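Peer 1: Going down the list, the protein sequences come from chains A and B. With numbering that gives the first Met the number 0 as the guide, the letters of the first sequence map in order to residues 0 to 333. With numbering that gives the first Met the number 0 as the guide, the letters of the second sequence map in order to residues 0 to 333. No residue lacks a Cβ here, since even glycine has one placed at the ideal position from N, Cα and C. Bear in mind that the values here come from a model prediction, so they are computed numbers and not experimental data.
There are 2 protein chains.
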Amino acid sequence: MAVTMNDVARVAGVSLKTVSNVINNYEFIRPTTKQRVLDAIDELGYETNLTARSLRSGKTSMLGLVLADLSIPYYAELASDIMKAAWARGYRVLVEQSGNEPYHEKAALQGQFRTLTDGLLFIPLALDAEQIIDAAGKKPLVLLGEFVQDPRLDMVLIQNHRAAAAVTTHLLAGGRRRIAVLGAHDGDTTGSNGLRLEGYRAALADAGVAYDPALVVGCDWRRDGGADATARLLDSGVEFDAVFGLNDALALGALHELLVRGKKVPEEIAVAGFDDIDEARFASPSLTTVAPGRAEIAERAVELLINRIESMDASPQVQQPEAAFEVRVRQSAP
Amino acid sequence: MAVTMNDVARVAGVSLKTVSNVINNYEFIRPTTKQRVLDAIDELGYETNLTARSLRSGKTSMLGLVLADLSIPYYAELASDIMKAAWARGYRVLVEQSGNEPYHEKAALQGQFRTLTDGLLFIPLALDAEQIIDAAGKKPLVLLGEFVQDPRLDMVLIQNHRAAAAVTTHLLAGGRRRIAVLGAHDGDTTGSNGLRLEGYRAALADAGVAYDPALVVGCDWRRDGGADATARLLDSGVEFDAVFGLNDALALGALHELLVRGKKVPEEIAVAGFDDIDEARFASPSLTTVAPGRAEIAERAVELLINRIESMDASPQVQQPEAAFEVRVRQSAP
DNA sequence: CTGTTGGCATACATCGTTGCAGATCAGGCC
DNA sequence: GGCCTGATCTGCAACGATGTATGCCAACAG
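Written out as structure tokens, the structure is:
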């Protein structure tokens, strides 16, 4: 039913392969022939069947992207950047939502899904490095966001530790001494939660402020997690003059809860987050946070992955570039 | 290099076609044979090459989704729902960002991209019905969100008019009489902007409140558009006691600007939006808005599209189901 | 006139599957 | 025994493109 190269060839009066050559910009084609083919393509409305091309060439020109859920703003914004970066290089992106479940993450790493892509960008949340290495096939894989960090894997690093320290230092500079942390448990040292918590502790130590585990509250990295944790903190009677949400969703949830409880932000309690999602600028008060270099992360990750794809053999050396971060000071913690 | 059915067949000691039959759950296979094949698949780590299957079968089991940008929360949340609905039916979703540009929208409708999908979900922003019909190929197409509405096209309808009227009525019931509208120009009657504006006017008329064009401010449907428009409104000296953002981003932008300017919300000025994005619940004050039935829209659209795909010939009748809406009353306009 | 070169076009095999049309074989029935 | 039925398995030809090898012809050198 669809128009094929064969049809075009017949109309143009050339062989099928010549049509293929025209489409692929083969050098040695007489201009007149080329024009005849192009006219035929136009006339018939021919479009190359990418499926067939993929089968023959072994490349799909698609990248897989595995993340928890697009309804989470940080991932959505990152996905948007990634798609633009990939597009600019002639690749499309096939998104797979893992829902943060190990089962789905593993399925995405192994599953048939992989046969549709030339390589995979993966934001691991539930699996650890060992499991990822076990599950991953031989196709190129680049990790993002480093809940996981491992010398055997390509990844683009967020400077969790230093960025978190920078935010904490900013809060300390504002005179805050009792800074609550939302989204980690006392003792976490790995993953984004652990690294950010460590950054926080390092900043405290630098400033000579004591670390109080009572100020550290674990919860889901979502708005309602942040709100709940803040409520618990307030109810517990622990004193604090600032809240550091380990991501913006947590901070925004905290902000909401504080305002509901009649606390003045930032006068009584300052609030800071991590990620600089769009929403942070428009919260009331606007949210102080740290931008982890999202666009740069997307760009680097896509670039790294495509390099791996297009030169499979070369450079077996693992790469782990770091993105630059920047503290964005706004009203919630001036 | 990759393991193929042929390899599996050799190991299992059966024909290639039998392997295929096992994979496709062909009925008449001796259990022992089936087991032998499954064992071989396991042993070799065979995975079906979906590209080859697509070529042979003519189906890709992928749906295209064209929207402006995933960094816009409403689209991201809708995309997430659509992907889940599609997944549940054995389809994947290939997202294409149009950036709200006619050129990109047209490319997405026609381009080679379509050869990778069995059908398309399309949220048109820049093209009108005529252009869409011209550009679209013969593959199934379902429109969402109806900036465009046309009897020749399948689509899932948002009840723009009635939902906007309901929100307006809610504001009126709260005693507001000077309700500013952000995101439409006086006189708009088509598209989401026009339909929502008409709903607003209808509600005013019902309540016997005069319509004042000075209260209607056009702008980009984004947070900063809403903030700017609100600033202009305040500066212009026009009196108003409520703001109705034609989507939540506008309303949140307005909310932000009002608070920055020291206005009390909702005491002095009430704010309401449209979409019920996640963020609305966690704004401070939380945002009154109308939920257009996002999950239902996603579900219906995917269902409709897949029905079209799987029975191309049947039911040439255009379908345009309507999703149920619901006003969500929160603090910004109690 | 023959041999070589280079531009241009073609034929054929092939990528990994699935649809179609048998082939084979055991069991049941007359 | 011959024939039919239905379960089980197989071979061949596609799907629509591209890589490789090669053919053909004009131009040009010897």
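By the DSSP assignment, the alpha helix (DSSP H) with Arg222 of chain A in it spans what residues?
Peer 2: 222-235
Peer 1: Tell me which same chain residues have a C-beta within less than 6 Å of the C-beta of Gln96 of chain A, skipping the five on either side of it?
Peer 2: Asp68
Peer 1: Would you say Pro320 of chain A reaches chain B, if we count a Cβ-Cβ gap shorter than 8 Å as a contact?
Peer 2: No - not a single Cβ of chain B is within 8 Å of the one on Pro320 of chain A.
Peer 1: Looking at the secondary structure, which residues open and close the beta strand (DSSP E) in which Ala282 of chain B lies?
Peer 2: Note, Ala282 of chain B: premise wrong, no beta strand (DSSP E); not H, not E.
Peer 1: With DSSP run on the structure shown, which of helix, strand or coil describes Ala271 of chain A?
Peer 2: strand
Peer 1: Check the Cβ of Gly252 of chain B against every Cβ in chain A and list those closer than 7 Å, keeping chain order.
Peer 2: Phe281
Peer 1: Relative to the C-alpha of Cys218 of chain B, which residue among B:Asp187, B:Ala204, B:Tyr199 is closest?
Peer 2: B:Asp187
Peer 1: Here's a check: name, in chain order, each residue in its chain whose Cβ is nearer than 8 Å to the Cβ of Tyr90 of chain A, leaving out the five neighbours to either side.
Peer 2: Hits under 8 Å: Ser60, Met61, Leu62, Asp117, Val301, Ile305.
Peer 1: For the region 284-331 of chain A, which segments carrying the alpha helix (DSSP H) assignment without a break, of at least 4 residues, lie completely within its bounds, in sequence order?
Peer 2: 293-309
Peer 1: Could you tell me how far apart the beta carbons of Leu245 of chain B and Gly144 of chain B are, in whole angstroms, since I believe they sit closer than 8 Å?
Peer 2: About 13 Å; that fails the 8 Å criterion.
Peer 1: Under 8 Å, Cβ to Cβ, is there at least one residue of chain A near Asp68 of chain B?
Peer 2: yes
Peer 1: I want to know whether the region 66-82 of chain B touches the region 68-85 of chain A - three or more CB-CB distances under 8 Å.
Peer 2: yes
Peer 1: Below 8 Å between beta carbons: does that hold for Ala229 of chain A and Leu257 of chain A?
Peer 2: The sequence given here has Thr at residue 229 of chain A, not Ala. Yes, they are a contact pair.
Peer 1: Using CA coordinates, which residue listed in A:Trp220, A:Arg221, A:Leu196, A:Gly225 is at the minimum distance from Pro212 of chain A?
Peer 2: A:Leu196
Peer 1: Between the C-alpha atoms of Thr168 of chain A and Phe324 of chain A, what's the straight-line distance to the nearest angstrom?
Peer 2: 14 Å
Peer 1: Short of 7 Å in beta carbon distance, which residues of its chain neighbour Asn99 of chain B, apart from the five on each side in sequence? Order them along the chain.
Peer 2: Contacts found: Ala67, Leu124, Ala125.
Peer 1: Using a C-beta cutoff of 8 Å, does Gln96 of chain B count as contacting chain A?
Peer 2: Taking CB atoms only, Gln96 of chain B has a neighbour in chain A less than 8 Å away.
Peer 1: In the region 111-166 of chain B, which residue ranges form an unbroken beta strand (DSSP E) of at least 3 residues, counting only runs that do not cross its ends?
Peer 2: 118-121, 140-143
Peer 1: Under 9 Å between beta-carbons, which chain A residues line up against Leu196 of chain B? List them in chain order, please.
Peer 2: Within 9 Å Cβ-Cβ: nothing; Leu196 of chain B doesn't reach chain A, min ~23 Å.
Peer 1: Touching or not, the region 153-163 of chain A and the region 198-206 of chain A, by the rule of three or more beta carbon pairs under 8 Å?
Peer 2: yes
Peer 1: Measure how close the beta-carbons of Ala250 of chain B and Leu170 of chain B come, nearest whole angstrom, since I'm counting them as under 8 Å.
Peer 2: Contact flag wrong, Cβ pair sits at about 12 Å.
Peer 1: Going by DSSP, which residues form a beta bridge with Glu95 of chain B?
Peer 2: B:Val65
Peer 1: In this structure, how does DSSP classify Ile28 of chain B when only helix, strand and coil are distinguished?
Peer 2: coil
Peer 1: Residues in its own chain within less than 6 Å of Gln330 of chain B by CB, not counting five upstream and five downstream?
Peer 2: Cβ within range, chain order: Pro284, Ser285.
Peer 1: Between the C-alpha atoms of Glu321 of chain A and Gly190 of chain A, what's the straight-line distance to the nearest angstrom?
Peer 2: 16 Å
Peer 1: List, in order along the chain, the chain A residues whose C-beta lies closer than 9 Å to that of Leu93 of chain B?
Peer 2: Chain A residues near Leu93 of chain B: Met61, Arg91, Val92, Leu93, Val94.
Peer 1: Got a sec: which bits of the region 228-262 of chain B sit with their beta carbon under 8 Å from any beta carbon on chain A, in order along the chain?
Peer 2: Leu251, Gly252, Leu254, His255, Leu258, Val259
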